[in-house]
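My numbering numbers the first residue of the sequence shown as 83 and each following residue consecutively. Every residue gets a Cβ at the ideal spot worked out from N, C-alpha and C, and that includes glycine.
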Amino acid sequence: MNVVDLIARRAEISAGRPAVVSEHETLSYSELGERSNRLAHHLNALGVSNESPVGVCLSRGSDAVVAILGVLKSGGVCVPLDPGYPADRLQFILQDTKASLLITEHDLENRFEGCDTRRAVLDWSSPGLADASAELPRVAIENCDLAYILYTSGSTGMPKGVEIEHQALYDVALKTAKLLELTEDDALFQYASLSFASSLGQVLAPLVAGARVVLKGRHYTATQLVSYISRTGVSVLWLTPSTIRYLTQDERASIGHLGPPLRLLRSGGESLSRSLLETWFAQSSVPLLNCYGPTEGVQDITACVITETPEVISIGKPIFQAEVFILDESENPVEPGGVGQLFFGTPGMARGYLGRPELTERSFVWREVGGRQKRLYRSGDLARELPDGSFEFIGRRDAQFKFRGYRVEPAEIESRLTQHPDVTAAVVALSGEESGQDELVAFFVARDGKTLDFKTLWRWCAQKIPMQIMPTKYIHVNKIPLTVNGKVDKAALVQVFKSFKDDSFRRRESHVTVRDSDNQ
């Protein structure tokens, strides 16, 4: 049994019920099943078979969900591509995966000029699709077959692909549906980009439960978004803390004031702050489900329900057979309550990193636990176990961090900045706002006599860096401050940022020269 079989069975049980709701159309389960079956047959006719990588670059809408299911039903490997990514990044991912085919639409074809990957434009009136069978393809899919490749920010300056097998998709669909207690009466709001890990649960879990997937449109103000959520009868919201904050800022049109059928807010991807929880519970009595689970774990590893602002914000206890261990630098268990690196193991972990065997071996490790060898993921996250058996997230042991729910390797952005002929050094850091409304700030050193403004550096980075992780400020410094140990003093840089943060400091005026830090 795999997720393709689960959704095909649901298409029979719930044939006439709505499955996917978008701005422009609503697909029933039977329509979703028939369209994705036609696409799968078409892909097989084009040569797609088991473990053939297929790029999917489509605008938000029902066709994007159809395409994902069609690729899975064909036996292919879905490689979701965000249309908002820079063209260079899109082409890198297609080349890195050796994608045999790219599914896209007419309006996006210009994003792939010069790309050698064969394209299949999704046009339901074309002979190949219109004439294809609407029956479920008879493709033998094994649990260990590759199903998905998701790209995350990479410390080498290039993104890395996380390989996800069918067993993991099966697990994330069923376990997420159970965690969220989804029924046929539910509607889950699908907010994340389809190239983002949380989209797996947001799309697959409702579809195996017979619920509705409500797709976010591409362009909404906060007020319009809240109105759309209300109008479509969303009962489960799945958002990052950054998005929750954005949608609760205006009390006149806040998601916190939505009444039934909204029954649950699921949060993850970033750390929750006390101020955000206080804001939420001042506006709403809807419980918040706080979850933790990196892309490499595929599914949520820990979770807890929060109904009021606690003294210590927990990421919860392990769920669904996941095992969590807090280990010291020698990979021995820390003392109770001590801080260490979080390792976890779960039946549905990723296979590894595409074409990166050394990184896979370094991150996915075999360790003896309770007299048995188990495969664990070395997360790089610091945490501590609380007295009740739940866990508190402390931070990162390396330079990586989360911004707006996206994993950011500063080295990727810094590498791009220093490729500019007039930039000699660069450091990227979070602004460290106490309110939790962090900004991503790029500090740079310019070549002697050169002047660079915000617009120049923004355009330079936008050619290779996804908009979701683009710095929102660019600050010119004379030197990069260092600690006494010779490391970059990011705390000093954050203070530099704060010292210049006043009413006159706008993005368009973010070229600022500062004195050398006192603690260099």
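Limits of the alpha helix (DSSP H) - the one that residue i falls within
i, result
"Pro52", "Residue 52 cannot be examined here, being either before or after the span of the chain that is shown, 83 to 602."
"Thr186", "From DSSP, Thr186 is part of no alpha helix (DSSP H) but of the beta strand (DSSP E) over 183–186."
"Glu574", "Inspection of the sequence shows that residue 574 is occupied by Ala rather than by Glu. From DSSP, the alpha helix (DSSP H) with Ala574 extends over 572–581."
"Ser156", "144–156"
"Arg313", "304–313"
"Pro135", "Careful: Pro135 lies outside any alpha helix (DSSP H), inside the beta strand (DSSP E) at 135–138."
"Leu172", "169–179"
"Leu319", "Counting along the chain, Leu319 falls outside any alpha helix (DSSP H), though it belongs to the beta strand (DSSP E) covering 318–321."
"Ile337", "Element bounds for Ile337: n/a, residue is neither H nor E."
"Leu88", "85–95"
Rounded separation between residue i and residue j - CA only
i, j, result
"Leu539", "Val148", "38 Å"
"Gly471", "Phe407", "11 Å"
"Asp268", "Val308", "17 Å"
"Ala274", "Ile395", "24 Å"
"Ser517", "Pro100", "Caution is warranted here: a pLDDT of 46 is assigned to Ser517, below 50, making its placement in the model unreliable, and no coordinate value can be reported."
"Lys561", "Val527", "6 Å"
"Arg345", "Trp320", "12 Å"
"Lys456", "Phe426", "10 Å"
"Gly152", "Gly315", "27 Å"
"Pro376", "Asp382", "8 Å"
"Ala122", "Tyr230", "15 Å"
"Glu266", "Gly292", "5 Å"
"Val497", "Gly434", "It is worth fixing the name first, because residue 497 is Ser in this sequence and not Val. Cα to Cα, the separation comes out at about 24 Å."
"Ala385", "Pro418", "20 Å"
"Val102", "Leu297", "7 Å"
"Thr325", "Asp213", "42 Å"
"Leu424", "Glu113", "43 Å"
"Arg91", "Gly115", "10 Å"
"Thr361", "Pro392", "13 Å"
"Pro553", "Gly98", "46 Å"
"Gly350", "Leu370", "10 Å"
"Arg171", "Arg541", "15 Å"
"Leu264", "Ala287", "8 Å"
"Ala335", "Phe363", "16 Å"
"Arg117", "Val138", "16 Å"
"Phe536", "Lys555", "8 Å"
"Ala93", "Ser281", "20 Å"
"Pro219", "Ile89", "13 Å"
"Arg356", "Leu468", "18 Å"
"Leu409", "Gly420", "9 Å"
"Leu261", "Ile311", "21 Å"
"Thr506", "Thr305", "43 Å"
"Glu191", "Glu491", "29 Å"
N-terminal and C-terminal residue of the beta strand (DSSP E) that residue i is part of
i, result
"Cys373", "370–374"
"Thr108", "108–110"
"Arg454", "454–467"
"Phe446", "446–451"
"Ile557", "555–558"
"Leu346", "346–349"
"Arg294", "294–297"
"Val159", "159–162"
Nearest-angstrom beta carbon gap, residue j and residue i [assumed within contact, 8 Å]
i, j, result
"Lys155", "Val86", "5 Å"
"Gln365", "Thr330", "6 Å"
"Val318", "Arg294", "No, Val318 and Arg294 are not in contact; Cβ-Cβ is about 10 Å, not under 8 Å."
"Phe475", "Ser353", "6 Å"
"Ala255", "Val290", "5 Å"
"Gly299", "Thr258", "Incorrect: roughly 23 Å between the Cβ atoms, too far for contact."
"Leu183", "Ala202", "6 Å"
"Glu187", "Leu204", "6 Å"
"Met83", "Tyr252", "7 Å"
"Leu441", "Lys242", "7 Å"
"Val523", "Ile557", "6 Å"
"Tyr488", "Ile551", "5 Å"
"Cys226", "Glu245", "About 11 Å separates the two Cβ atoms, so there is no contact after all."
"Ile223", "Gly143", "So it is not a contact: roughly 26 Å between Cβ atoms."
"Gln403", "Pro429", "6 Å"
"Gly341", "Tyr459", "No, Gly341 and Tyr459 are not in contact; Cβ-Cβ is about 40 Å, not under 8 Å."
"Arg120", "Pro165", "In fact, because the Cβ distance is near 23 Å, the residues do not count as touching under 8 Å."
"Val161", "Ser134", "Not really, about 10 Å apart at Cβ, beyond 8 Å."
"Leu140", "Ile185", "7 Å"
- [ ] Please list the segments of the alpha helix (DSSP H) lying wholly inside the stretch 203–284, counting only runs of 4 or more residues, in order along the chain.
- [x] Fully enclosed alpha helix (DSSP H) runs of no fewer than 4 residues occupy 209–212, 248–261 of the stretch 203–284, in order along the chain.
- [ ] Within the stretch 366–433, note down every full beta strand (DSSP E) run reaching 3 residues or more, in order along the chain.
- [x] 370–374, 384–388, 405–409, 421–427, all fully within the stretch 366–433.
Open item on the list: In chain order, what are the residue ranges of uninterrupted beta strand (DSSP E) at least 3 long that sit wholly in the stretch 478–548?
Closed with: Counting only runs of 3 or more, we get 483–485, 488–490, 505–512, 522–528.
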